[in-house]
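*Asks:* Here UniProt numbering is used: position 40 in the sequence shown is 40, and no number is missing along the way.
Can you read through this structure? Questions will come right after.
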Amino acid sequence: MSDVDGAWISLFSGGKDSAWALYQALERGLNVERLVTVHPTGDSYMYHVPATELAGLAAESIGIPLVDVEPADFEADSAANSSVQGDDELEPLEAALTELDAERPGGIAGVTAGAVESEYQTSRIQGMCDRLGCDLFAPLWQEDPRELADAMLEAGFEITIVQVAAHGLDESWLGRTIDAEALAELEALNEEYGVHILGEGGEFETLVVDGPHMDRRIGLEYETEWDGTRGTIRVTDAQLE
């Protein structure tokens with residue numbers, strides 16, 4: 001992969017997987033000129049949903065300009081199947097990238113993505129990259145989840161859980177930092193309930209509040225919202241420390 005012929009764009013939610021893909025791209029010396037965050041308004045088949053509004057703070061800390069993509073409505077249509085919705089959700093992202101491709105002097109060289117095992121997600125992003133004529137850099141793709149998690153912690157990522165929706169994940173996980181102890185518990189939950197260690201199935205969502213690619217840590221104040229089976233943090237204040 002080379003950045004000689006254009007700029008790299010990082011699909012970025014602020015969560016650990018997209019942040020790790022970005023970090024790996026920067027470590028390789030890829031010329032990442034823009035972060036792109038999609039802000040779904042409801043449940044999404046394609047995108048990380050909670051706390052994407054914090055991606056702007058993360059981008060400021062990272063020092064790369066952020067492009068926000070805000071489709072009119074991503075609420076799941078009961079009449080549409082997941083394949084149709086996934087294609088529909090990709091349209092505003094592809095439109096935004098097409099604009100960036102036209103604006104950049106050398107066009108877009110490639111796109112980074114944080115997919116681990118989702119063929120559904122990756123095949124659509126690959127198809128989009130093929131249409132744009134650019135590369136896809138997906139360094140997490142089909143890697144061992146535990147090894148990826150360990151690598152993130154070893155690199156210095158501070159990862160906060162911002163949403164949970166799975167058996168075995170109760171309200172105490174909201175706002176929890178993923179560390180070695182949390183990973184051991186997630187491995188046990190994986191064996192008992194099938195919870196994916198990286199939350200690839202939507203079992204939990206995260207926000208990277210600090211890391212080696214960031215100049216300043218994101219400080220959060222929040223309240224938890226819990227309905228008995230799933231929950232999220234509602235951020236009341238967030239700032240760069």
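Just so you know, even glycine gets a beta-carbon here, dropped at the ideal spot from N, CA and C.
Remember, it's a predicted structure, so these values are computed and weren't measured experimentally.
Under a three-way DSSP split, which group does A76 fall into?
*Replies:* Within the sequence shown, residue 76 is the residue found at index 76, counting from 1. Low per-residue confidence applies at A76: pLDDT is 42, beneath 50, and the placement is therefore not dependable, though the value from the model is reported in the following sentence. The answer is coil: DSSP assigns A76 none of H, G, I, E or B.
*Asks:* Note the first and the last residue of the continuous alpha helix (DSSP H) segment covering R234.
*Replies:* Residue numbering aside, residue 234 sits at position 234 when the sequence shown is read from its first letter. DSSP places R234 outside any alpha helix (DSSP H); the residue lies instead in the beta strand (DSSP E), whose first and last residues are 231-240.
*Asks:* Over the uninterrupted beta strand (DSSP E) stretch that includes I125, give me the two end residues.
*Replies:* Taking the sequence shown and counting its residues from 1, one reaches residue 125 at position 125. That residue, I125, is in no beta strand (DSSP E); its alpha helix (DSSP H) goes 119-132.
*Asks:* Taking contact to mean at least 3 C-beta pairs separated by less than 8 Å, is the region 6-24 in contact with the region 154-163?
*Replies:* Contact holds: three or more Cβ-Cβ distances are below 8 Å.
*Asks:* By the 10 Å Cβ neighbour count, where 16 or more other Cβ atoms means buried, how is L169 classified, buried or exposed?
*Replies:* Within the sequence shown, the letter at position 169 stands for residue 169. Buried, because 16 or more other Cβ atoms sit within 10 Å of the Cβ of L169.
*Asks:* Please classify E200: does DSSP put it in a helix, a strand, or coil?
*Replies:* Within the sequence shown, numbered from 1, the residue matching residue 200 stands at position 200. Residue state, collapsed to three classes: coil.
*Asks:* Which of helix, strand or coil does DSSP assign to residue 304?
*Replies:* With the chain running from 1 to 241 in the structure shown, residue 304 is simply not present.
*Asks:* Do E89 and V116 count as a contact pair if the criterion is CB distance below 8 Å?
*Replies:* The residue given as residue 116 occupies position 116 in the sequence shown. The residue given as residue 89 occupies position 89 in the sequence shown. Their beta carbons are not under 8 Å apart, which means V116 does not touch E89 by this criterion.
*Asks:* Along the beta strand (DSSP E) that carries E223, what are the first and last residues, could you check?
*Replies:* By 1-based counting over the sequence shown, the position of residue 223 is 223. Note, E223: beta strand (DSSP E), 218-226.
*Asks:* In this structure, does DSSP put E99 in helix, strand or coil?
*Replies:* Counting from 1 along the sequence shown, the entry for residue 99 is found at position 99. Of the three classes helix, strand and coil, the one that applies to E99 here is helix, per DSSP.
*Asks:* Is S10 buried or exposed, if buried means 16 or more other CB atoms sit within 10 Å of its CB?
*Replies:* Position 10 of the sequence shown holds residue 10. S10 is buried by the Cβ-count criterion.
*Asks:* What number of angstroms, rounded off, separates the C-alpha of N190 from the C-alpha of A184?
*Replies:* Locating residue 190 in the sequence shown gives position 190, where the first residue counts as 1. Locating residue 184 in the sequence shown gives position 184, where the first residue counts as 1. Their backbone Cα atoms lie some 10 Å apart in a straight line.
*Asks:* On a CA-only basis, which of A55, V32, L35 is nearest I218? Give me that one, please.
*Replies:* By one-based count along the sequence shown, residue 218 stands at place 218. Of the candidates A55, V32, L35, the one whose C-alpha sits nearest the C-alpha of I218 is A55.
*Asks:* Could you check which residue in L35, V36, R34, W8 has the C-alpha nearest to that of R28?
*Replies:* For this step, residue 28 is matched to residue 28 along the sequence shown. Of L35, V36, R34, W8, the residue nearest in Cα terms is W8.
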